[in-house]
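A short worksheet on the structure shown next.
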Amino acid sequence: MSGRGNSYSVPVVPVTTDPIPVRIESLKNKSNMTKTVRKYEVFPGKNKFYCNGRIMMAKQSGIFYLTCSLIVVTTGLFFGFDCVYLAVHVTPAIPAIGAVLFIFVMSTLFRTSFSDPGVIPRSTPDEAAEIEKQVEVPNTNSPGTYRPPPRTREVVVKGQVIKLKYCFTCKIFRPPRASHCSLCDNCVERFDHHCPWVGNCVGKRNYRYFYLFILSLSVLCIYIFACVLTHLILRAQQDNFLNALKSSPASIVEAVICFFSVWSIIGLAGFHTYLATSEQTTNEDIKGSFTSKRGQDNFNPYSKGSIIKNCMTVLCGPTVPSLLDRRGYVVP
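Here you go:
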């Protein structure tokens with residue numbers, strides 16, 4: 002390009018088709034620095050998390066899906082074969098009652114399976130080191146030369162001496178009634194037991210929902226079994242029993258499943274009713290924690306002295322907040 006009195010030219014920049022070299026490692030490091038990690042992703046226990054940490058289950062959850070399948074299939078056959086006949090020949094309330102029971106059973110099952118049972122967070126390395134130092138210090142407050150056994154502490158609850166055991170995995174002194182679940186690898190508050198049928202531990206935060214689940218499931222089994230028998234008897238009155246079975250073969254499947262399931266479910270519901278009225282856990286009952294030993298009087302310091310008060314304490318009242326910050330972010 003030229004003009005009067007001056008001229009200039011535009012420099013030509015050579016164009017190359019070779020790719021510009023980029024340091025991949027630097028990009029990876031940059032992405033790692035900007036990526037946020039939630040605490041449930043680095044949770045040390047043997048649990049599985051879903052929905053960004055909102056749902057918490059045990060790692061071995063195969064039997065839980067079997068539980069769901071048995072309930073859904075049996076109830077589905079009931080609605081598909083028996084309710085259609087009974088709603089016309091008996092009352093339309095039969096399928097409505099069955100639907101309410103089914104929804105309640107599944108709701109309590111999911112609430113038990115998907116919630117934190119009361120897991121106690123593990124100690125940080127600094128806290129664990131401090132506890133290790135405290136354990137080695139002699140107990141100078143005890144009379145004479147008495148010293149508690151290593152890795153244990155003692156507290157007094159209503160005059161009853163309760164030993165707090167040290168958990169070598171979680172690096173904490175477990176509070177009273179807590180225990181370490183070997184399957185989930187967590188210490189759980191008011192640990193009752195690990196139930197593979199619900200795919201979770203049963204503890205302080207989900208025991209009431211577990212109790213309501215087995216109680217309502219026993220009612221649902223009895224209800225379906227009674228309706229199936231009513232259905233077959235009414236059909237047999239119109240024709241004969243063999244033709245009644247041929248017209249509704251699924252009723253036999255429902256009756257067999259309910260008959261063989263209801264006895265164990267009712268027994269389990271009765272056992273946990275006893276535990277709730279006496280304010281005990283399955284773990285304490287198996288170990289005999291509150292039975293007399295070696296001629297010494299032993300009693301349950303957690304009992305309120307009344308069946309109603311014990312049931313109110315165990316089954317009613319607000320659910321305590323979770324001690325786990327599952328959806329919080331890991332601080333680098």
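Position in the sequence shown (first residue = 1) + 1 = my numbering.
Just so it is clear, CB atoms sit at the ideal spot from N, CA and C, and this is done for glycine as well.
Computed from a predicted model, the values in this text were never measured in an experiment.
Query - Beta-carbon proximity list for residue 37, same chain, < 7 Å, skipping 5 on both sides - result: Counting from one through the sequence shown, the residue named residue 37 turns up at place 36. In chain order, 330 place their CB closer than 7 Å to the CB of residue 37, counting only its own chain and leaving out the 5 sequence neighbours on each side.
Query raised in the report: Looking at the structure shown, is residue 49 part of a helix, part of a strand, or coil, going by DSSP?
Result: Translated into the one-based positions of the sequence shown, residue 49 becomes position 48. Look at residue 49 here: in three-state DSSP terms it is strand.
Query raised in the report: When you compare only the Cα positions, how much space is there between residue 279 and residue 333?
Result: Along the sequence shown, one-based indexing puts residue 279 at 278. Along the sequence shown, one-based indexing puts residue 333 at 332. Distance between the alpha carbons of residue 279 and residue 333: 47 Å.
Query raised in the report: Among 173, 131, 244 and 123, which residue has its Cα nearest to the Cα of residue 45?
Result: Sequence index remark: in the sequence shown, residue 45 carries index 44 (1-based). The option with the nearest alpha carbon to residue 45 is 123.
Query raised in the report: Is the Cβ-Cβ distance between residue 188 and residue 121 less than 8 Å?
Result: Within the sequence shown, residue 188 is the residue found at index 187, counting from 1. Within the sequence shown, residue 121 is the residue found at index 120, counting from 1. The answer is yes: Cβ separation under 8 Å.
Requested in this report: Could you tell me whether the Cβ atoms of residue 260 and residue 226 are closer together than 8 Å?
Outcome: Translated into positions along the sequence shown, residue 260 becomes position 259. Translated into positions along the sequence shown, residue 226 becomes position 225. Yes, these two residues count as a Cβ contact at 8 Å.
Query - Nearest-angstrom Cα separation, counted from residue 248 out to residue 318 - result: Walking along the sequence shown from the start, residue 318 turns up at place 317. Walking along the sequence shown from the start, residue 248 turns up at place 247. For residue 318 and residue 248, the distance between alpha carbons rounds to 49 Å.
Query - Close beta carbons around residue 301, own chain, < 6 Å, minus the five adjacent residues each side - result: Translated into positions along the sequence shown, residue 301 becomes position 300. The residues are 291.
**Report entry** Neighbour-count burial assignment, residue 308, 16 or more Cβ in a 10 Å radius
**Finding:** For this step, residue 308 is matched to residue 307 along the sequence shown. Counting every other CB atom within 10 Å of its CB across the protein chains shown gives residue 308 a total below 16, marking it as exposed.
Report task. Measure the CB-CB distance between residue 174 and residue 282 and report whether it falls below 8 Å. Result -> Position 173 of the sequence shown, counting from 1, holds the residue named residue 174. Position 281 of the sequence shown, counting from 1, holds the residue named residue 282. Not closer than 8 Å, so no.
Query raised in the report: Are the segment 197-207 and the segment 101-120 touching by the rule of at least three beta carbon pairs closer than 8 Å?
Result: Cβ pair count under 8 Å is three or more, so yes.
**Report entry** 8 Å Cβ shell around residue 228 - same chain, five flanking residues per side excluded
**Finding:** On the sequence shown, residue 228 is found 227 positions in, with the first residue counted as 1. Taking C-beta separations shorter than 8 Å and ignoring five residues to either side along the sequence, the partners of residue 228 in its chain run 79, 83, 84, 87, 95 and 99, following chain order.
**Report entry** residue 47 beta carbon less than 8 Å from that of residue 60
**Finding:** Sequence index remark: in the sequence shown, residue 60 carries index 59 (1-based). Sequence index remark: in the sequence shown, residue 47 carries index 46 (1-based). Inclusion of residue 60 and residue 47 in the CB contact set at 8 Å is warranted, their separation being smaller than that value.
Query - Counterpart residues of residue 165 in DSSP-defined beta bridges - result: As a first step, residue 165 must be located in the sequence shown, where it is residue number 164. DSSP lists 154 as partners of residue 165.
Report task. Could you tell me whether the Cβ atoms of residue 73 and residue 217 are closer together than 8 Å? Result -> Taking the sequence shown and counting its residues from 1, the one referred to as residue 73 is at position 72. Taking the sequence shown and counting its residues from 1, the one referred to as residue 217 is at position 216. Between residue 73 and residue 217, the gap from beta carbon to beta carbon reaches 8 Å or more.
Query raised in the report: When we look at the beta-carbon of residue 264 and count the other beta-carbons within 10 Å, is it buried (16 or more) or exposed?
Result: As a working note, residue 264 is residue 263 in the sequence shown. Residue 264 comes out exposed.
Query raised in the report: For residue 312, which residues of its own chain have a beta-carbon under 8 Å away from its beta-carbon, when the five flanking residues on both sides are left out?
Result: Walking along the sequence shown from the start, residue 312 turns up at place 311. Cβ neighbours of residue 312 beyond the five flanking positions: 277 and 278.
Query - Coarse secondary structure for residue 263, derived from DSSP in three states - result: The residue labelled residue 263 in the question sits at position 262 within the sequence shown. DSSP places residue 263 within a helical segment (H, G or I) once states are collapsed to three.
Report task. State buried or exposed for residue 29, treating a residue as buried only when at least 16 other CB atoms are found within 10 Å of its CB. Result -> What you label residue 29 is simply residue 28 of the sequence shown in a count that begins at 1. Residue confidence for residue 29 is low, a pLDDT of 47 falling below 50, so the modelled location carries little weight; the figure read from the coordinates is stated next. Classification of residue 29: exposed, given that the 10 Å Cβ count is below 16.
Query - Start and end residues, beta strand (DSSP E) containing residue 59 - result: Here the question's residue 59 lines up with position 58 in the sequence shown. Secondary structure note for residue 59: its beta strand (DSSP E) is the uninterrupted segment 56-59.
Query raised in the report: Around the C-beta of residue 182, are 16 or more other C-beta atoms found within 10 angstroms, so that it is buried, or is it exposed?
Result: What you label residue 182 is simply residue 181 of the sequence shown in a count that begins at 1. Burial is judged here by how many other beta carbons sit within 10 angstroms of a residue's own beta carbon; residue 182 has at least 16 and is buried.
Query - Cut-off 6 Å between Cβ atoms - residues of its own chain near residue 81, not counting five sequence neighbours on either side - result: Translated into positions along the sequence shown, residue 81 becomes position 80. No residues qualify anywhere along the chain.
Query raised in the report: Using a beta-carbon distance below 8 Å, is residue 47 in contact with chain C?
Result: Looking for chain C here will not work: only one protein chain is present.
Query raised in the report: At which residue ranges does the segment 161-238 contain complete beta strand (DSSP E) runs of 3 or more residues, listed in the order of the chain?
Result: 161-168, 180-182, 187-189, 194-196 and 201-203, all fully within the segment 161-238.
Query - Distance between residue 58 and residue 49 (C-alpha atoms, nearest Å) - result: For the purposes of this step, residue 49 is taken as the residue at position 48 of the sequence shown. For the purposes of this step, residue 58 is taken as the residue at position 57 of the sequence shown. Taking the straight line from one Cα to the other gives about 5 Å.
Query raised in the report: In the structure shown, what three-state DSSP assignment does residue 39 receive?
Result: The residue you call residue 39 lines up with position 38 of the sequence shown. Three-state result, residue 39: strand.
Query raised in the report: Does DSSP put residue 89 in a helix, a strand or coil?
Result: Within the sequence shown, numbered from 1, the residue matching residue 89 stands at position 88. Here DSSP, grouped into helix, strand and coil, assigns residue 89 to helix.
Query raised in the report: Are residue 68 and residue 210 close, meaning C-beta to C-beta below 8 Å?
Result: As a position in the sequence shown, residue 68 is number 67, starting the count at 1. As a position in the sequence shown, residue 210 is number 209, starting the count at 1. When the beta-carbon positions are compared, residue 68 and residue 210 stay at least 8 Å from each other.
Requested in this report: May I ask you to list the residues that DSSP assigns as paired with residue 120?
Outcome: By 1-based counting over the sequence shown, the position of residue 120 is 119. According to DSSP, residue 120 shares a beta bridge with 189.
**Report entry** Reference residue 239, options 42, 90, 223 and 253, closest by Cα
**Finding:** Position 238 of the sequence shown, counted from the first residue, corresponds to residue 239. Closest option to residue 239, judged by alpha-carbon separation, among 42, 90, 223 and 253: 90.
Report task. Could you name the residues that DSSP lists as bridge partners for residue 330? Result -> As a working mapping, residue 330 is identified with position 329 in the sequence shown. Bridge partners of residue 330: 39.
**Report entry** 8 Å CB neighbourhood of residue 314 in its chain, flanking five on each side removed
**Finding:** One-based indexing of the sequence shown puts residue 314 at position 313. Taken in chain order, the residues that qualify are 280 and 305.
Query raised in the report: Candidates 62, 63, 43 and 159: which alpha carbon is nearest residue 54's?
Result: Counted from its first residue, the sequence shown places residue 54 at position 53. For residue 54, the closest alpha carbon among the candidates 62, 63, 43 and 159 is that of 43.
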